[in-house]
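This report concerns only the one structure given below.
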Amino acid sequence: MGDYESYMKGSPLEVKVITKRFGLANSTSIDVYLETDGYQALAKAFEMGPAAVISEVKNSGLRGRGGAGFNTGMKWSFVPKDTSKPKYIVCNADESEPGTCKDRPLMESDPHQLIEGIIIAGFAIGARQGYIYIRGEYRYLLDILDRAIAEAYGRGYLGRNILNSGFDFELATHTGAGAYECGEETALLNSLEGLRGYPRVKPPFPAVVGLYGCPTIVNNVETLCNVPAILRMGAEAYARLGTPKNGGTRLFCLSGHIRRPGVYELPMGFNLKRMIEEVGGGVPGGKALKAVIPGGSSCPVLAASEVDVAMDFESVARIGSMLGSGGVIIMDEDTCMVKALLRIEKFYAHESCGWCIPCREGTAWLKNLLQRFHDGGGTEQDPDTALDVSFNILGKTLCPLGDAAALPGISFIQKFRHEFEEHLKLGACPFERRAVAVT
Amino acid sequence: MLSEALKAKFDQVIARYPVKRSAIVPLLLFGQDEIGYISDELVEEIARRVEVRPIEVIEDISYYSMLHRQPIGKYNLQVCTNISCLLRGGEEILEHCRRRLGIDPKGTTPDGLFSLEEVECLGACCGAPAMQVNYEFYENLTPEKVDRLIEELRIRTANGHPR
Ligand SMILES: Cc1cc2nc3c(=O)[nH]c(=O)nc-3n(C[C@H](O)[C@H](O)[C@H](O)COP(=O)(O)O)c2cc1C
Ligand code: FES
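The listed protein sequences correspond, in order, to chains A and B. Residues in the first sequence are numbered from 1 upward in steps of one, following our numbering. Residues in the second sequence are numbered from 1001 upward in steps of one, following our numbering.
What follows is the structure, encoded as structure tokens:
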């Protein structure tokens, strides 16, 4: 379990909707959950009926928290209604995007909130079975969730004829065993079918052909955790917490060179500069900010001059990056951008599943080129070669892991080219020299 | 031979799915947790239970990074050096472990007590630098904290903590 509580530090600027039970004694128990509005949204969903639940979630402006930011209610509406096949709801708890550690506290502190969200989603799309796909490293969360699921069965919130609604729903956990690619929804479905986690060709999308060839909705943990709150407070009130196209709040994970690293629940559209300075306490050691990756390592990096931006999907896209998974990675003036990019590309080279050649070969090229370059063996053409390799991955793979490797490559080189040139001139890493000179 | 508890767990997990082979990865992980690694016997047993050929189980094993076919140390130190940890000294922690244990990543100490691994993001980025020892998270690491932990694990073993 570690001491992640140490980074749930809290901030007066937070708006606690899905983290409101964090820190309560026995927050994982169903009794505490029931005392704090738990399973009320489910009862409400049964009164409303599936179509009304879907339109309520659509109107709330809730957008997927797993990375792509698709409107959740809209996605649910793509599940065919006139099919005789079983339908599935799958919760993506694979959380492995570097810089992202928000699903973990959601499951550790408030498992019933997630379970209630999944049951409501299942009811909305007509599924009778749900799975929670948890990365293998989060082994202890399997025990917490299994216990919570057993409690929910015991009280009649899972199983046959839930709350006398006539709705039957089964839920089980499933563990992965170490593979970033299994967070990609179609690779996840293959993995859940007992196969290697290779991505599938889209279309058809999982909403039509998913798990075992049946209509399936895959949603991120945080996405589903918002569903009970939306039904309880109503779509409009929930939407108003955020910006017009980005309903509600979001968990932002502040990591790297920041005085108070931690997971904070803030309104959608919260200004990034304020987030760093007022929520995170700024860059430590009196150093200047150099760069920020706003949404996990797959997102294009922002230079310090670009961080006065609202953290909603459109505003961040407008300046050429992405809101991604909420992992805000902060880098100070002494960070070597070549080294940072090298570490990121080493990750993608390691995690590429090898199915698509541009990704398999391209990520390895990038890693090797950057390693040589950082070690002092670079050539003048290297930055352009790396750009060329990146552009030859971009958009040429089945799943977006290729883009996830290409986009940081392009942005780091374009925005911090002078650092590459400094490496060339010195024949070594200028930052390591500086570090040596200081000590 | 698998324990009775593990056999019961296997039955319970397989029953969760309409298609048995869905249980392969969970069974491998739970089996590895008990045995320490994935033996040929475990592969055969899982293949039999989910009704696939052993080669199909082996195909899965080679895909997933947490599954291993050889025994490793009793305590597997998995140090994250990914971006958030890198920025807060993850590489120094790895280097410290390497020197302290006298082994390289993927290595095991001769007494079979410790293994070392450099791993990707563990989902503990706000507690960087972070590592996992087996499944236990250790965050906000310093070299001193690592030393204390290694010492503690040695004492725990000397006091006859079960392997
Ligand atoms: C390589 C890769 C890894 C991903 N990893 C995750 C992950 O760990 N968790 C997650 O929720 N989504 C992840 N996604 C996004 C999923 O494919 C999918 O869009 C998401 O689970 C949909 O849920 P949402 O609409 O609630 O965001 C990943 C995507 C890619 C391409
Ligand atoms: S980067 Fe080390 S835990 Fe996420």
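Glycine included, every Cβ here is placed at the ideal spot set by N, Cα and C. Quick caveat: nothing in here was measured; it's all calculated off a predicted structure.
Q) How do the region 9-22 of chain A and the region 99-117 of chain A stand: do at least 3 beta-carbon pairs fall below 8 Å, yes or no? A) In short, these stretches touch, since the Cβ pair count reaches three.
**Q.** Inter-stretch contact (C-beta, 8 Å, three-pair minimum) for the region 345-361 of chain A and the region 179-189 of chain A
**A.** With a cut-off of 8 Å, the region 179-189 of chain A and the region 345-361 of chain A count as touching, because enough Cβ pairs lie within range.
Q: Would you mind working out which of S1039/B, A1015/B, I1014/B, Q1012/B sits nearest M1001/B, comparing C-alpha positions?
A: Taking the first residue of the second sequence as 1, we reach residue 1001/B at position 1. It is S1039/B.
Q) According to DSSP, is P267/A helix, strand or coil? A) By 1-based counting over the first sequence, the position of residue 267/A is 267. Looking at P267/A - three-state DSSP - the assignment turns out to be strand.
Q. CB-CB under 8 Å to G320/A, same chain, minus the five flanking residues each way: which ones, in chain order?
A. The sequence position of residue 320/A within the first sequence is 320, counting from 1. Taken in chain order, the residues that qualify are P300, S411.
Q. Got a sec: is the Cβ-Cβ distance from E236/A to anything in chain B below 7 Å?
A. Within the first sequence, residue 236/A is the residue found at index 236, counting from 1. Not an interface residue.
Q: Could you confirm whether any beta carbon from chain A is found closer than 7 Å to the beta carbon of E1120/B?
A: By 1-based counting over the second sequence, the position of residue 1120/B is 120. By this cut-off, E1120/B is an interface position.
Q) What do you reckon, is the C-beta of A1124/B under 6 Å from a heavy atom of ligand 1? A) Numbered from 1 along the second sequence, position 124 holds the residue referred to as residue 1124/B. Flag unset: Cβ of A1124/B not near ligand 1.
Q) Do P400/A and ligand 1 come close, with the Cβ less than 6 Å from some heavy atom? A) As a position in the first sequence, residue 400/A is number 400, starting the count at 1. Yes, the Cβ of P400/A comes within 6 Å of a heavy atom of ligand 1.
Q: Over the uninterrupted beta strand (DSSP E) stretch that includes L1027/B, give me the two end residues.
A: Indexing the second sequence from 1 puts residue 1027/B at position 27. L1027/B -> not in any beta strand (DSSP E); alpha helix (DSSP H) instead, spanning 1024-1035.
Q: Below 6 Å CB to CB, which residues in the same chain sit around G117/A once its five sequence neighbours on both sides are set aside?
A: By 1-based counting over the first sequence, the position of residue 117/A is 117. L224, C225, V227, P228.
Q: Could you pull out every residue in the same chain whose Cβ sits closer than 7 Å to the Cβ of D1011/B, ignoring the five residues on either side in sequence?
A: Counted from its first residue, the second sequence places residue 1011/B at position 11. Once the five neighbours on either side are set aside, D1011/B has no close Cβ partner at all.
Q | Contiguous alpha helix (DSSP H) assignments of at least 4 residues, all confined to the region 1069-1118 of chain B | A | Taken in chain order, the complete alpha helix (DSSP H) segments of 4 residues or longer contained in the region 1069-1118 of chain B are 1083-1086, 1090-1101.
Q | C-alpha gap between A43/A and N161/A, whole angstroms | A | If you number the first sequence from 1, residue 43/A lands on position 43. If you number the first sequence from 1, residue 161/A lands on position 161. Roughly 12 Å between the two C-alpha positions.
Q) Of the choices G262/A, G281/A, I258/A, S96/A, whose alpha-carbon is the least far from that of N220/A? A) Taking the first residue of the first sequence as 1, we reach residue 220/A at position 220. With distances taken between Cα atoms, N220/A lies closest to S96/A.
Q. When we look at the beta-carbon of Y1037/B and count the other beta-carbons within 10 Å, is it buried (16 or more) or exposed?
A. Taking the second sequence and counting its residues from 1, one reaches residue 1037/B at position 37. Exposed is the call here.
Q) Going by DSSP, which residues form a beta bridge with A303/A? A) On the first sequence, position 303 is the one that residue 303/A refers to. A303/A is bridged by DSSP to A291/A.
**Q.** Contact with chain B by I115/A, beta-carbon distance below 7 Å
**A.** Counting from one through the first sequence, the residue named residue 115/A turns up at place 115. Using a CB distance cut-off of 7 Å, I115/A does not count as an interface residue toward chain B.
Q | Coarse secondary structure for C353/A, derived from DSSP in three states | A | Numbered from 1 along the first sequence, position 353 holds the residue referred to as residue 353/A. The three-state secondary structure of C353/A, taken from DSSP, is coil.
(Q) For ligand 2, I want to know if A1128/B counts as a neighbour, meaning its beta carbon is within less than 6 Å of at least one of the ligand's heavy atoms. (A) As a working note, residue 1128/B is residue 128 in the second sequence. Yes, since a heavy atom of ligand 2 falls inside the 6 Å radius drawn around the Cβ of A1128/B.
Q: Look up G256/A in the DSSP assignment and give the residues it is bridged to.
A: Locating residue 256/A in the first sequence gives position 256, where the first residue counts as 1. The partner list for G256/A (beta bridge, DSSP) reads I330/A.
Q | Rounded distance between the beta-carbons of E56/A and A235/A, thought under 8 Å | A | As a working mapping, residue 235/A is identified with position 235 in the first sequence. As a working mapping, residue 56/A is identified with position 56 in the first sequence. With 8 Å as the limit, A235/A and E56/A qualify as a contact, their Cβ atoms being about 5 Å apart.
**Q.** Per-residue DSSP class, three states only, for E170/A
**A.** Translated into the one-based positions of the first sequence, residue 170/A becomes position 170. If DSSP states are grouped into helix, strand and coil, E170/A belongs with the strands.
Q) Applying the criterion that 16 or more other CB atoms from any shown protein chain within 10 Å of the CB defines a buried residue, is E1044/B buried or exposed? A) Taking the first residue of the second sequence as position 1, residue 1044/B is located at position 44. Exposed is the label assigned to E1044/B, since fewer than 16 other Cβ atoms lie within 10 Å of its Cβ.
Q. Can you list, in chain order, the residues of its chain whose CB lies under 8 Å from that of G326/A, leaving out five sequence neighbours each side?
A. Against the first sequence, residue 326/A aligns to sequence position 326. Cβ within range, chain order: R65, T100, K102, E222, R250, L251, F252, C253, G295, G296.
Q) Under a three-way DSSP split, which group does L251/A fall into? A) Within the first sequence, numbered from 1, the residue matching residue 251/A stands at position 251. Assigned with DSSP and collapsed to three states, L251/A falls in strand.
**Q.** Three-way DSSP call (helix, strand, coil) for T72/A in this model
**A.** If you number the first sequence from 1, residue 72/A lands on position 72. Helix, per DSSP.
Q. What in chain B is Cβ-close to T335/A, meaning under 7 Å?
A. Taking the first sequence and counting its residues from 1, one reaches residue 335/A at position 335. Result: L1087.
Q: Counting only the same chain and skipping the five closest in sequence on each side, list residues whose C-beta sits under 7 Å from that of G262/A.
A: Looking up residue 262/A in the first sequence gives position 262. Closer than 7 Å at Cβ, skipping near neighbours: Y7, M8, K9, L254.
Q: Compute the Euclidean distance between the alpha carbons of L272/A and L266/A, then round it to the nearest angstrom.
A: What you label residue 272/A is simply residue 272 of the first sequence in a count that begins at 1. What you label residue 266/A is simply residue 266 of the first sequence in a count that begins at 1. Each residue's Cα considered, the two are about 11 Å apart.
**Q.** Cβ pair count under 8 Å reaching 3, the region 1110-1120 of chain B against the region 373-385 of chain A
**A.** Segments in contact, no.
Q.
Under 8 Å, with one C-beta from each stretch per pair, do the region 116-132 of chain A and the region 76-84 of chain A reach the 3-pair mark?
A. Contact between the region 116-132 of chain A and the region 76-84 of chain A is present, because at least three Cβ pairs lie under 8 Å.
(Q) Within 10 Å of its beta-carbon, does G49/A have 16 or more other beta-carbons around it, so buried, or fewer, so exposed? (A) In the first sequence, counting from the first residue as 1, residue 49/A sits at position 49. Exposed: under 16 other Cβ atoms inside 10 Å.
Q: Report the neighbours of N1082/B on chain A: residues whose CB is nearer than 7 Å to its CB, in chain order.
A: Position 82 of the second sequence, counting from 1, holds the residue named residue 1082/B. Residues of chain A passing the Cβ test: P98, R343, F347.
Q: Report the option in G69/A, D146/A, T363/A, G247/A whose CA atom is closest to the CA atom of G61/A.
A: As a first step, residue 61/A must be located in the first sequence, where it is residue number 61. Residue nearest to G61/A within the set G69/A, D146/A, T363/A, G247/A is G247/A (criterion: CA-CA distance).
Q: Could you tell me which chain B residues have their CB closer than 9 Å to the CB of H374/A, listed as they occur along the chain?
A: Working through the first sequence from its first residue, we reach residue 374/A at position 374. None at all; the shortest Cβ gap to chain B is about 13 Å.
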